[in-house]
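Residue numbers (full-length UniProt numbering): 1 to 273. All C-beta atoms, glycine included, are put in the ideal place defined by N, C-alpha and C. None of these values were measured; they are calculated from a predicted model.
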């Protein structure tokens, strides 16, 4: 009798795990296809059913990101906070909370979250990149630059840190210096990110022909790089082609770019409809 009970318990557990695995696969597929409504539904189910706190935290974390991509900022904050409650040592959650606060909440809290993440993972390039953005938004350019340079001390080939330094020059008005840096980077490694970044510099220099050539090159190298479509939309708005610009914005959003960050440009789309 005892053996039969154990077998029944094991069989039940196996069936539950099978369905749980299928739900997780469905959620991951929805997320990878940028079907964030579907991902939100699936990760909500997974998070509510999960008993192991580490996994529950991961599901809430993914849920928050899905909601963020849907423009549901309030819900995203709640999901990330639930993720943190389930696992207070999740570096990913600290990073996501810091990022969301930097864009939509408190810069002070953003800094607190990212600093906690760094204390848990002292050599995380992503966290230093994020803190650099936060410092930049707070007007602390020297600290932003220091963080990017620190990344290069342990990851000298980190392309995001190198472009970050070039972008600081761009935002400080040194377009020629930023262009020189991007030219050097492209000569070393012609990547989609770099062509898109240089295209933005050309746009600010009012060289729309060169800017468009660069973003088209960026898209040809990586058709799924969302930022390139945003930069292309900016160029098209500047050259009085709003319909094409709006199509590129939609493409960027379909690839995972947060629509909430494009409100200024979508307002132009509504104006031209």
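**Request:** Less than 8 Å between the CB atoms is what I'm expecting for residue 249 and residue 235, so what's the real figure, rounded?
**Result:** As a working note, residue 249 is residue 249 in the chain shown. As a working note, residue 235 is residue 235 in the chain shown. Contact flag wrong, Cβ pair sits at about 12 Å.
**Asked** Going by beta carbon distance, what residues of the same chain come within less than 7 Å of residue 268, once the five residues before and after it are set aside?
**Response** Mapped onto the chain shown, residue 268 falls at position 268. If we look at residue 268 and ignore the five residues flanking it on each side, its Cβ neighbours are 237 and 242.
**Request:** Kindly list the residues whose CB is nearer than 7 Å to the CB of residue 113, restricted to its own chain and excluding five residues on each side of it in sequence; keep chain order.
**Result:** On the chain shown, position 113 is the one that residue 113 refers to. Result list for residue 113: 94, 97, 98 and 101, in chain order.
**Three-way DSSP call (helix, strand, coil) for residue 129 in this model** = The residue labelled residue 129 in the question sits at position 129 within the chain shown. Three-state result, residue 129: helix.
**Asked** Taking contact to mean at least 3 C-beta pairs separated by less than 8 Å, is the region 201-208 in contact with the region 163-182?
**Response** yes
**Message:** Please state whether the Cβ-Cβ distance between residue 71 and residue 245 is less than 9 Å.
**Reply:** Here residue 71 refers to the residue found at position 71 when the chain shown is read from its first residue. Here residue 245 refers to the residue found at position 245 when the chain shown is read from its first residue. Taking 9 Å as the Cβ cut-off, residue 71 and residue 245 do not qualify as a contacting pair.
**Request:** Enumerate, from N- to C-terminal direction, the unbroken beta strand (DSSP E) stretches of 3 or more residues contained entirely within the region 202-245.
**Result:** none
**Asked** Secondary structure at residue 16, three-state DSSP: helix, strand or coil?
**Response** Locating residue 16 in the chain shown gives position 16, where the first residue counts as 1. At residue 16, the pLDDT of 47 sits below 50, so the modelled position is not reliable; the number obtained from the coordinates is stated separately. DSSP places residue 16 in helix when its eight states are reduced to three.
**Request:** Could you name the residues of the same chain whose beta carbon sits closer than 7 Å to that of residue 281, not counting the 5 residues immediately before and after it, in chain order?
**Result:** Because the chain is modelled from 1 through 273, residue 281 falls outside the range shown and cannot be assessed.
**Prompt:** Whose C-beta lies closer than 8 Å to the C-beta of residue 219 among residues of the same chain, with five residues either side of it excluded?
**Reply:** By 1-based counting over the chain shown, the position of residue 219 is 219. Hits under 8 Å: 192, 225, 228, 229 and 232.
**Request:** Compare the C-alpha of residue 183 against each of 168, 201 and 74 and name the closest.
**Result:** The residue you call residue 183 lines up with position 183 of the chain shown. Residue 201 is the option with its Cα nearest to residue 183.
**Request:** Give the range of the alpha helix (DSSP H) segment to which residue 172 is assigned.
**Result:** Residue 172 sits at position 172 when you count from the first residue of the chain shown. Per DSSP, residue 172 belongs to no alpha helix (DSSP H) and is neither H nor E.
**Item:** Residue ranges of each alpha helix (DSSP H) within the region 38-103, 4 or longer
**Value:** 53-69 and 73-86
**Request:** Go through its chain and collect everything with a Cβ distance to residue 164's Cβ below 7 Å, but skip five positions before and after it.
**Result:** The residue given as residue 164 occupies position 164 in the chain shown. Once the five neighbours on either side are set aside, the close Cβ partners of residue 164 are 129, 132 and 148.
**Item:** Unbroken alpha helix (DSSP H) run spanning residue 119, endpoints
**Value:** Numbered from 1 along the chain shown, position 119 holds the residue referred to as residue 119. Unbroken alpha helix (DSSP H) run through residue 119: 107-120.
**Prompt:** Helix, strand or coil for residue 139 per DSSP?
**Reply:** The residue given as residue 139 occupies position 139 in the chain shown. Correct three-state label for residue 139: coil.
**Item:** CA-to-CA distance, residue 209 to residue 78, given in whole angstroms
**Value:** Here the question's residue 78 lines up with position 78 in the chain shown. Here the question's residue 209 lines up with position 209 in the chain shown. Whole-angstrom Cα-Cα distance: 45 Å.
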